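*Asks:*
There are 2 protein chains.
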Amino acid sequence: MTHTANNPVSSNDIAFFADAGIEMMHAETKLDARYNMDMFDKYSGDSQVVLFPKTTKQVSEILAYCNEHRISVVTQGGNSGVAGGAIAHHGEIILSLRDMNKVRELDPVAGVLVADSGCVLEDLDNYVQEHGFIMPVDLGGRKRCMIGGNVSTSAGGLRYLRYGSMHGNVLGLEVVLPDGRILDALFSLKKDASGYDVKQLFIGAEGTLGVVTAVSISLAPKPSSAQIAVLGLNEFTKIHRAFVLARQHLGEIVSAFEFWEKRCNEIVVEYEKYTSPIGPAHEFYVMIETRGSCKKHDAEKMDWFLEKVQAEQIADEVKVFRDQEEMEAVWLFRSQMASAHTKSGCMYVYDFSLPPKHQYDLLLATKKHMESLGLFGAKDSPVKDITLFGHVGDQNLHLQAVAREFGGDVEAALEPWIYQWVGSHGGSVAAEHGLGAHKGKFLQYSKSHVVVDTMKQIKNLLDPRGIMNPGKCVDRA
Amino acid sequence: MTHTANNPVSSNDIAFFADAGIEMMHAETKLDARYNMDMFDKYSGDSQVVLFPKTTKQVSEILAYCNEHRISVVTQGGNSGVAGGAIAHHGEIILSLRDMNKVRELDPVAGVLVADSGCVLEDLDNYVQEHGFIMPVDLGGRKRCMIGGNVSTSAGGLRYLRYGSMHGNVLGLEVVLPDGRILDALFSLKKDASGYDVKQLFIGAEGTLGVVTAVSISLAPKPSSAQIAVLGLNEFTKIHRAFVLARQHLGEIVSAFEFWEKRCNEIVVEYEKYTSPIGPAHEFYVMIETRGSCKKHDAEKMDWFLEKVQAEQIADEVKVFRDQEEMEAVWLFRSQMASAHTKSGCMYVYDFSLPPKHQYDLLLATKKHMESLGLFGAKDSPVKDITLFGHVGDQNLHLQAVAREFGGDVEAALEPWIYQWVGSHGGSVAAEHGLGAHKGKFLQYSKSHVVVDTMKQIKNLLDPRGIMNPGKCVDRA
């Protein structure tokens, strides 16, 4: 791999950073272990030094120096990624954006926020809510993740269905390029058709093309009313029918459309001790949230939608939640799905996008494949559960295979088979978690070689010495 | 300029295309003059041959041949651009996408359309409406413009406020690269965080990086109700206050928020003979459209909004239009603004994005500047009118300077002064019309040199021989 060609950090380098007045932690004195470990203790690194620049100029000085001396750099925001993308596996310098955490500007008319990359997502959301807005992105890691990391992983999350992607919402970026030049593309304009939109390259690049130091982002008006309906269904295709009806009858107020299947529901009840929002058991569950600007109107729309759902016999059970505490309980139930699986056994988790017509087949095909290898389906099979839940509206599925123990034949049976299956059914091998440390090699299954070659050419163009997060996301040719 | 280095089309080349079975028009037999002229008769070209490929494979054959023989190519969709981007100024081959006009797929659950680039926007809108959707983009040229051109110019248009940008709505592209390789990035997935989003580079590239042959685009649910309010105001800042209130009270149903000033209104009345939607004369006019899924709810929301507007004494006059014919008349009044100016004299038109706080200053500063040069303000000044209208919600302004005749000192007085002014006030020199043939040289005023250099590096990387639309948008270094 190319990254091994780069140089380790020397005492001269440390002296340079100290002289430049850059705050740091290093292994000889004290380096907090959490910078070398991801939040699920899955990926660990061996960085010897963490730098804490306070300004874009300092980031520029650091990268110019590292590029000149061929020292590799891993940028870290909240280090809350789940794909190992922010871990320094090869002794790279960690460049933490922790101390670049100021709001630069909020335009209350245009609804545009400009903020340093190290701002924590939840802090920004709280801040803009005081001005009548919400951030267009929200995710489970909101208390820890930082906006620069959200941009760098092209975070999807819970508001995607309503507000769309980072590619649409990010209006501008300030990026320090690997050679230290500052790419000032921190525009705050919604319409801008003047040349190539170069900032787009850094959205989802997982820190492999430069360091995003500031973000300009379009905000959404803060909704004033919310409600949730949970449906119990007995056929997967009815989920899609419900989605089409929701779009027709709930129209502009639908803000989330989630589903999970029976076994997911059981696992949350069993391992998190939460009460199922509806019962008795159904084959499938759908959770629909609306957010709007008028409680009365939103309630009426929901009633019309549910009448239609019942008239078409789509759901066996329907329950509406309008009380704040009850709604939070439903969201909590939904959001504990991943951790409940972790508690139930040794989880292999996958984050795919798939066209609707192939979504359920993913679960059936995976079960069949694992059964055919003798790894699933019997009472004492190595894999206890294979489950599916996800964001229907975004075509984003999370598939879990829960084994009795890590190791054995399970991972080799799943990979690359599952990536190949997803790629050959029009899916993506990484929907919202990024490629990180592990999935770059599976990219070929869902992206044509011309696309992958073009990515590598761009990597070579912008980071010719390969100092930025080597081995992650897209590496050099 | 680099493009002069490329070769003219020879009879050998014509023979090659004929042998390859590619339909064509050429000057020796008959070449329809409209391929060498833009729709406003402003830009003219001198292409000798227009090719009409029917398949992506044919486009690939054409480009591979042209790249090998260093022959320049201008791609043409509906040729309805207003910036000369699709005109073959230097005898380039025109590659028309006219015959690539099939819908490839519509996913009725996901709401995703995949179509050939040569599909006319209005045809696509009609087609998807049959399935309960609308296109996320609409513009005045809808009867003629093609989806490939919409993507290549990053078209903004009339639905931008509600549905956002092409960068957010386009899910995938099929692009033939200058060397003939087919970049199959025709994904139909909403969430996809797997590597660099290379398709983004072609959105807004105005055909300088390759030929977009197919587009996958996210559709919006078709709204079932619409209404329009027109407000008369006497201060520019009240427009912004009305916008903030609309976001609060009309929330998720606002679909357009347009403004124009007094003189624009007079010019439409005088030169198009349309009746002003409200009267008597106001300093400023605001037009707010809502589109939603329930007529009754939408009407109530509009009433609450207008009560608030009146309580805060924002508007001197308010009128609501809910009748279909009346609403069409208001839109017609608004959409005739550009053509009315053309009829009133010799129009210099500018398409800028500007942050709200500088929007009105643009008009005042331009008037003052032209007055100081003795070109505006007196009874017989060379410039009769300087006017402003635009899309407030998108920060997109159109400024017109109407002269008594073309030529003289007017253009030199306006340019580059006006681009410089816009650039130094955080604006963009091209909001939704693209850079085209003329504005590339002004890009430096609104984009930093690192951004422009990066664009040029990307052009060099993807089109090293500079055969794609040379001299337009971003040219090689």
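Residue numbers (the numbering used here), protein chains in the order written: chain A, 6 to 482; chain B, 6 to 482. For glycine and all other residues, C-beta sits at the position ideal for the given N, C-alpha and C. Note that the coordinates shown come from a computational prediction; the quantities given were computed from them, not determined experimentally.
1) Report, in whole angstroms, the separation of the C-beta atoms of residue 90(B) and residue 477(B), which I expect to be a contact under 8 Å.
2) I want to verify the contact list: residues of chain A whose CB lies under 8 Å from the CB of residue 306(B), in sequence order.
3) Mapping the DSSP letters down to three states, classify residue 45(A) as helix, strand or coil.
4) Under 7 Å, do residue 224(A) and residue 133(A) count as touching if we go by C-beta distance?
5) Give the DSSP bridge partners of residue 267(B), in chain order.
6) Can you find a C-beta in chain A that's less than 7 Å from the C-beta of residue 7(B)?
7) Sorted by chain position, which residues of the same chain lie with C-beta nearer than 8 Å to residue 75(B)'s C-beta, five sequence neighbours on each side aside?
8) Quick one: residues in its chain with C-beta nearer than 6 Å to the C-beta of residue 324(A), no 5 flanking neighbours on either side, listed in chain order?
9) Could you compute how far the alpha carbon of residue 174(A) sits from the alpha carbon of residue 229(B)?
10) Out of curiosity, what's the CA-to-CA distance linking residue 460(A) and residue 441(B)?
11) At a cut-off of 6 Å, is residue 153(B) close to the ligand SAM when judged by its beta-carbon and the heavy atoms of the ligand?
12) Between the segment 448-480 of chain B and chain A, which residues of the former have CB atoms less than 7 Å from a CB of the latter, in chain order?
13) Quick one: does residue 401(A) have its CB under 7 Å from some CB of chain B?
14) What does residue 434(A) touch in chain B if you count any residue whose Cβ is under 8 Å from its own?
15) Tell me whether residue 53(A) sits in a helix, a strand or coil according to DSSP, three-state version.
16) Are the Cβ atoms of residue 429(B) and residue 197(A) separated by less than 7 Å?
17) With a threshold of 7 Å between beta carbons, is residue 37(A) in contact with chain B?
18) Cα-Cα, which of 322(B), 350(B), 300(B) and 219(B) is closest to residue 276(B)?
19) Taking the C-alpha atoms as reference points, what is the distance between residue 417(A) and residue 451(B)?
20) How is residue 299(B) classed by DSSP in three states: helix, strand or coil?
21) How big is the Cα-Cα spacing for residue 186(A) and residue 65(A)?
22) May I ask you to verify whether the segment 367-381 of chain B touches the segment 404-416 of chain B, counting CB pairs closer than 8 Å and requiring at least 3?
23) Mind checking the segment 238-261 of chain B against chain A and listing, in chain order, the residues whose C-beta falls within less than 8 Å of any C-beta there?
24) Along the alpha helix (DSSP H) that carries residue 252(B), what are the first and last residues, could you check?
25) For residue 204(B), does the count of other Cβ atoms within 10 angstroms reach 16, so buried, or fall short, so exposed?
26) Compile a chain-ordered list of the residues in the segment 213-234 of chain B whose CB is closer than 9 Å to at least one CB of chain A.
27) Where do the ends of the beta strand (DSSP E) carrying residue 489(A) lie?
28) Report the rounded CA-to-CA distance for residue 368(A) versus residue 375(A), giving the unit in angstroms.
29) Just to confirm, is the Cβ distance from residue 137(B) to residue 227(B) under 7 Å?
30) Under 7 Å Cβ-Cβ, which residues of chain A neighbour residue 158(B)?
31) Does chain B have any CB closer than 7 Å to the CB of residue 2(A)?
32) Would residue 114(A) count as contacting chain B if we go by Cβ distances under 7 Å?
33) Select from the segment 98-112 of chain B all residues with a C-beta closer than 9 Å to any C-beta belonging to chain A, and list them in chain order.
34) List, from N- to C-terminal side, the alpha helix (DSSP H) runs of 4 residues or more that fit wholly inside the segment 357-407 of chain A.
35) Could you name the residues of chain B that residue 370(A) contacts, counting a contact when the two beta carbons are closer than 9 Å?
36) Starting from the Cα of residue 255(B), find the closest Cα among 218(B), 216(B) and 302(B) and give me that residue.
*Replies:* Reading off the structure:
1) That belief holds up - the Cβ atoms of residue 90(B) and residue 477(B) are roughly 5 Å apart, short of 8 Å.
2) Going along chain A in sequence order, the residues near residue 306(B) (Cβ under 8 Å) are 298, 299 and 302.
3) It is coil, neither helix nor strand.
4) Going by C-beta atoms, residue 224(A) is nearer than 7 Å to residue 133(A).
5) None, per the DSSP bridge assignment.
6) Because the pLDDT at residue 7(B) is just 45, under 50, the model does not fix this residue reliably, and the value given afterwards should be weighed accordingly. Chain A, which has no Cβ nearer than 7 Å to the Cβ of residue 7(B), makes this no.
7) Same-chain partners within the cutoff: 10, 11, 12, 470 and 472.
8) For residue 324(A), where only same-chain residues beyond five positions count, the Cβ hits under 6 Å are 235 and 283.
9) Rounded to the nearest angstrom, the two C-alpha atoms are 26 Å apart.
10) Rounded to the nearest angstrom, the gap between the Cα atoms of residue 460(A) and residue 441(B) is 27 Å.
11) Absence of the ligand SAM is noted for the structure shown, with no ligands found whatsoever.
12) Within the segment 448-480 of chain B, the residues whose Cβ lies closer than 7 Å to some Cβ of chain A are 448, 451, 452, 453, 455, 456, 459, 460, 462, 463, 466, 478 and 479, listed in chain order.
13) So yes, residue 401(A) belongs to the interface.
14) In chain order: 199.
15) Note: residue 53(A) maps to coil in three-state DSSP.
16) Pairing residue 429(B) with residue 197(A) gives a Cβ-Cβ distance that is not under 7 Å.
17) Residue-level contact by beta carbon fails for residue 37(A) and chain B, as no gap is shorter than 7 Å.
18) Minimum Cα distance to residue 276(B) is reached at 350(B).
19) Looking at the two C-alpha atoms, the distance is approximately 52 Å.
20) DSSP places residue 299(B) in coil when its eight states are reduced to three.
21) If you take the alpha carbons of residue 186(A) and residue 65(A), they lie about 6 Å apart.
22) The segment 404-416 of chain B and the segment 367-381 of chain B touch, with three or more beta-carbon pairs separated by less than 8 Å.
23) Listed by position along the chain: 245, 248, 249, 252, 253, 254, 255, 256, 257 and 258.
24) Element bounds for residue 252(B): 241-254.
25) Buried, since its Cβ has 16 or more Cβ neighbours within 10 Å.
26) The segment 213-234 of chain B vs chain A, Cβ under 9 Å: 213, 214, 223, 226, 227, 228 and 229.
27) Outside the modelled stretch of chain A, which goes from 6 to 482, sits residue 489(A), for which no answer is possible.
28) Rounded to the nearest angstrom, the two C-alpha atoms are 11 Å apart.
29) Taking C-beta atoms as the reference points, residue 137(B) and residue 227(B) count as a pair closer than 7 Å.
30) Neighbourhood of residue 158(B) in chain A, by CB distance below 7 Å: 198, in chain order.
31) Outside the displayed span of chain A (6 to 482) sits residue 2(A), for which this structure offers no information.
32) At least one chain B Cβ lies under 7 Å of residue 114(A).
33) Against chain A - using a Cβ distance shorter than 9 Å - the residues of the segment 98-112 of chain B are 112.
34) The DSSP assignment places complete alpha helix (DSSP H) segments of no fewer than 4 residues inside the segment 357-407 of chain A at 361-377, in order along the chain.
35) Simply none; closest approach about 18 Å.
36) Its Cα nearest to that of residue 255(B), the residue 302(B) stands out among 218(B), 216(B) and 302(B).
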